[in-house]
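Structure first, commentary second.
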Amino acid sequence: MPVKDDLARRRHEKLIDRLESLMRAALKPEYQGYYGHLILSSDDLAEMGELKDVRRAAREAGRRLGWKATTQLVGGRLFVLDEREVPEEVEQLAGDTAAAAIDGAWQEGRRPRGI
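In this text, residue positions in the sequence shown follow this note's numbering: the first is 1484, and each later residue adds one.
Written as structure tokens, this is what we have:
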């Protein structure tokens, strides 16, 4: 039985490492590690194993990154979110970035097409 336990532990550690890598890659450096999130599709989840194991591994990967990680399953997708309180300067930067993106999309939508 110990061999099976060791194998399960190694699989779990490998899953944590994989999720941590995905979560780290999704971070924007300018946000200093805040606003972390990862969205796993139903295909991703099927490949990774049991949902309860993926959720547990995602929360552990988040802790490694300093997140207050939570998971939410919505429509077959697993959302892994960092719910820490964000410093004011990072929140302001993110708000400015979002506003600029919305303004750009709005301006793009107002341009005449095919002329």
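For glycine and all other residues, C-beta sits at the position ideal for the given N, C-alpha and C.
In the DSSP secondary-structure assignment, H1520 is bridged to L1564. Closest by C-alpha distance to V1563, out of A1581, L1505, D1489 and D1488, is L1505. A straight line joining the alpha-carbon of A1544 with that of Y1517 spans about 15 Å. Residue R1538 holds the alpha-carbon nearest to the alpha-carbon of L1556 among R1538, G1592 and D1526. Between L1510 and M1531, the CB-CB gap reaches or exceeds 8 Å. Here V1569 carries a coil assignment [DSSP, helix/strand/coil].
Apart from the 5 residues on each side of it in sequence, S1524 sits with its Cβ closer than 8 Å to the Cβ of G1559 and R1560 in its chain, given in chain order. DSSP links T1553 through a beta bridge to L1564. With contacts defined as CB atoms closer than 8 Å, D1565 and A1552 qualify as a contacting pair.
Counting only residues of its own chain and dropping the five nearest sequence neighbours on each side, R1567 has a CB closer than 7 Å to the CB of Y1517, W1550 and K1551. Following the DSSP letters along the chain, one finds E1530 inside the alpha helix (DSSP H) bounded by residues S1525 to M1531.
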